[in-house]
Amino acid sequence: MTAVGIDAIEIWTGKLKLDLPNTFAEKKGEDPEKYRKGLGLENSSFPDVYEDIVTMGANAAKRLMERKGLTPEDIGRIDVATESSFDNSKPVSTYIAGCLEQVFDENFHHANKGERKFACVAGTQSIDDAYNWIKAGRHRGRAALVIATDTALYERGDPGEATQGAGAVAMLISEEPSVVELSTEQGYGSADETDFLKPNQQFPSVDGKRSMQVYLARMREALEDFESVAGRTHPDDFEYIPFHTPFPGMVRKAGLLGYRHMIRDTEFEDELEDEIGRQPREAEYDDWDDYEEALRAYMDDLKETEEYQDWYGRVIEPTLSLAREVGNWYTGSVHVARTSALKHAAETGEELTGDRLLVGSYGSGAQAEIHAETVREGWKEEMDELNIDEQLDDRYDMSFDEYELIHDVHDHEKETDVEEFTRPVGEFTFTGWGRMNERKYEYVE
Ligand code: HMG
Numbered sequence: 004m005t006a007v008g009i010d011a012i013e014i015w016t017g018k019l020k021l022d023l024p025n026t027f028a029e030k031k032g033e034d035p036e037k038y039r040k041g042l043g044l045e046n047s048s049f050p051d052v053y054e055d056i057v058t059m060g061a062n063a064a065k066r067l068m069e070r071k072g073l074t075p076e077d078i079g080r081i082d083v084a085t086e087s088s089f090d091n092s093k094p095v096s097t098y099i100a101g102c103l104e105q106v107f108d109e110n111f112h113h114a115n116k117g118e119r120k121f122a123c124v125a126g127t128q129s130i131d132d133a134y135n136w137i138k139a140g141r142h143r144g145r146a147a148l149v150i151a152t153d154t155a156l157y158e159r160g161d162p163g164e165a166t167q168g169a170g171a172v173a174m175l176i177s178e179e180p181s182v183v184e185l186s187t188e189q190g191y192g193s194a195d196e197t198d199f200l201k202p203n204q205q206f207p208s209v210d211g212k213r214s215m216q217v218y219l220a221r222m223r224e225a226l227e228d229f230e231s232v233a234g235r236t237h238p239d240d241f242e243y244i245p246f247h248t249p250f251p252g253m254v255r256k257a258g259l260l261g262y263r264h265m266i267r268d269t270e271f272e273d274e275l276e277d278e279i280g281r282q283p284r285e286a287e288y289d290d291w292d293d294y295e296e297a298l299r300a301y302m303d304d305l306k307e308t309e310e311y312q313d314w315y316g317r318v319i320e321p322t323l324s325l326a327r328e329v330g331n332w333y334t335g336s337v338h339v340a341r342t343s344a345l346k347h348a349a350e351t352g353e354e355l356t357g358d359r360l361l362v363g364s365y366g367s368g369a370q371a372e373i374h375a376e377t378v379r380e381g382w383k384e385e386m387d388e389l390n391i392d393e394q395l396d397d398r399y400d401m402s403f404d405e406y407e408l409i410h411d412v413h414d415h416e417k418e419t420d421v422e423e424f425t426r427p428v429g430e431f432t433f434t435g436w437g438r439m440n441e442r443k444y445e446y447v448e
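Heads up: the sequence shown begins at 4 in my numbering, then just goes up one per residue.
Written out as structure tokens, the structure reads:
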């Protein structure tokens, strides 16, 4: 069967940064360690005055197409995943195609375009749509461009303000891909939840603590559902496990839960028995609260074992390095996590071809999806082409007052007149509104 998966990846970060432990925590009178150790964050990315979800997505897509020597004729579909859209009718993919047509000779009139919405899981859903389109044989030899782009901003003063971010991930989905092949098997955990939502409003209504519980519950369901088709998972099966990363501290919790699940009834549980006992089984308890308490105590002990810490350091930690620097990119977040891991492997000279990843996506509202990926031969060349480190180094480091201004600039309810902090070079920029209130863009050489 033909392999279908991710052939190329490009990442575009917002050009401004907010230093969380220093600039943000200091102004809030908080301990910087809450950010570094608790949430696991150093900086978050923000868009400059001339940036938005269209410019970031188009800039990532342009770089990807040029690097792969593609023309619009090679692309049969453009799917944009976002939860930061500014239009309830015209999809962001049309704006991005319009931008790209400013710099490529051909047009995208033949390409099917759309916009996917289901909070942060929509990026993975768009990849699924592209996968199914190719597998169904409807692609006429063309590839799909999937772009996950968001400005993840929260209301000023909301606890979520600590976990903001902005950026885009562009991915080319094709036959015989260079980076990873996707598994046919998938698992879902999906339920009607009101933990994080934006009912016709720009900034989310969030129940932060509950959202974390819902994330873990749906992720667990998805893992069990995945195992029902793919068979039991084992800690040694996967080289890396990239999760949706609203902040690395969340993944710390998901990783522990996943490890506990995977080692149950395995030699790992046996080996740990002398040190921390066996995992509590529900059937052994008459009272649910007692069972939960025993489970919590087991997890606390498990977290401290050398076996778990070694596994976490190898399999999960490398997925978090970019997230620590950029914050939550919503639809792009799990794709940033995958890229972090592969980039780490490339930098440390690891040989990954043929190895497997387990990818855990999540969107509030709520749905988790889990699938496996097999790393393909061209993965390292792709990682070597990334310029994300330069982009991160070049970001403008905002003071708290500048952060307040930039938050206002991107607040749809506010009129502002703020000067840009950086200078655009060789990229798409937002230039203002047209006669029908559409957003206008221009390529700056
Ligand atoms: P908060 O009240 O600002 O923070 O809310 P906190 O007091 O809970 O502290 C955070 C962590 O830092 C805790 O760790 C503290 O103990 C620790 P934990 O106990 O949870 O392991 N801490 C410290 N550690 C060391 N030294 C210290 C210190 N002080 C505290 N001095 C919260 C945090 C995440 C709730 C908030 O930022 C929020 O509401 N964020 C937005 C919602 C969110 O990100 N939810 C995540 C799951 S839902 C999801 O992922 C979907 C999403 O991406 C949206 C979508 O799908 O579209 C959000």
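Glycine included, every Cβ here is placed at the ideal spot set by N, Cα and C.
> Quick one: what does DSSP say residue 128 is sitting in, helix, strand or coil?
Replying inline: helix
> Does the beta carbon of residue 218 fall short of 7 angstroms from some heavy atom of the ligand SAH?
Replying inline: As presented, the structure is devoid of the ligand SAH, carrying the ligand HMG as its sole ligands.
> Does DSSP put residue 110 in a helix, in a strand, or in coil?
Replying inline: coil
> In chain order, what residues of the same chain have a beta carbon less than 7 angstroms from the beta carbon of residue 452, not counting five sequence neighbours either side?
Replying inline: An answer regarding residue 452 cannot be provided, because it is not within the stretch 4 to 448 covered by the chain.
> If you run the structure through DSSP and keep just helix, strand and coil, what is residue 379?
Replying inline: coil
>> Are the CB atoms of residue 43 and residue 323 within a distance shorter than 8 angstroms?
In response: yes
> Is the Cβ of residue 160 closer than 8 angstroms to any Cβ of chain D?
Replying inline: No chain D appears in the structure shown, which is made up of a single protein chain.
>> So if DSSP puts residue 172 in a beta bridge, which residue, or which two residues, is it bridged to?
In response: 14, 151
>> I'd like to confirm the pairing. Which residues does DSSP put opposite residue 374 in its beta bridges?
In response: 189, 362
> At what residue ranges does the segment 398 to 426 contain a whole run of the beta strand (DSSP E), taking only runs of 3 or more?
Replying inline: none
> Which residues share a DSSP beta bridge with residue 2?
Replying inline: Only positions 4 to 448 of the chain appear in this structure, which leaves residue 2 out of reach.
> Could you check where the beta strand (DSSP E) with residue 206 kicks off and where it finishes?
Replying inline: First-last for residue 206: undefined, no H or E at that position.
> If you run the structure through DSSP and keep just helix, strand and coil, what is residue 243?
Replying inline: strand
>> Within 8 angstroms, do at least three Cβ pairs link the segment 24 to 33 to the segment 4 to 15?
In response: no
> Which class does residue 160 belong to by DSSP, given the choice of helix, strand or coil?
Replying inline: coil
> Do the segment 207 to 226 and the segment 318 to 336 make contact, defined as three or more Cβ pairs closer than 8 angstroms?
Replying inline: no
> Got a sec, what are the start and stop residues for the alpha helix (DSSP H) residue 62 sits in?
Replying inline: 56 to 70
>> Assess contact between the segment 358 to 377 and the segment 393 to 408, defined as three or more Cβ pairs (one per stretch) separated by less than 8 angstroms. Is contact present?
In response: no
> For the putative contact between residue 364 and residue 168, defined by C-beta atoms under 8 angstroms, what is the C-beta separation to the nearest angstrom?
Replying inline: Residue 364 to residue 168, Cβ: 17 angstroms. No contact.
> What residue ranges within the segment 292 to 353 form continuous alpha helix (DSSP H) runs of no fewer than 4 residues, ordered along the chain?
Replying inline: 309 to 314, 324 to 329, 336 to 350
>> Tell me whether residue 333, by its Cβ, gets closer than 7 angstroms to a heavy atom of the ligand HMG.
In response: yes
> Terminal residues of the continuous alpha helix (DSSP H) containing residue 255?
Replying inline: 251 to 266
>> Looking at residue 82: is its Cβ nearer than 8 angstroms to the Cβ of residue 147?
In response: yes
> In angstroms, rounded to a whole number, what distance separates the CA positions of residue 293 and residue 285?
Replying inline: 10 angstroms
> Does the ligand HMG have even one heavy atom less than 7 angstroms from the beta-carbon of residue 102?
Replying inline: no
> Looking at the unbroken beta strand (DSSP E) that takes in residue 49, where does it start and where does it end?
Replying inline: 46 to 49
>> In the DSSP output, which residue or residues are listed as bridge partners for residue 103?
In response: None; residue 103 has no bridge partner.
>> Just list the residues that DSSP pairs residue 117 with in beta bridges.
In response: 82
> To the nearest whole angstrom, what separates the beta carbons of residue 21 and residue 399, a pair I think is in contact under 8 angstroms?
Replying inline: Actually they are not in contact, since the Cβ atoms of residue 21 and residue 399 sit about 10 angstroms apart, beyond 8 angstroms.
> Does the beta carbon of residue 88 fall short of 7 angstroms from some heavy atom of the ligand HMG?
Replying inline: no
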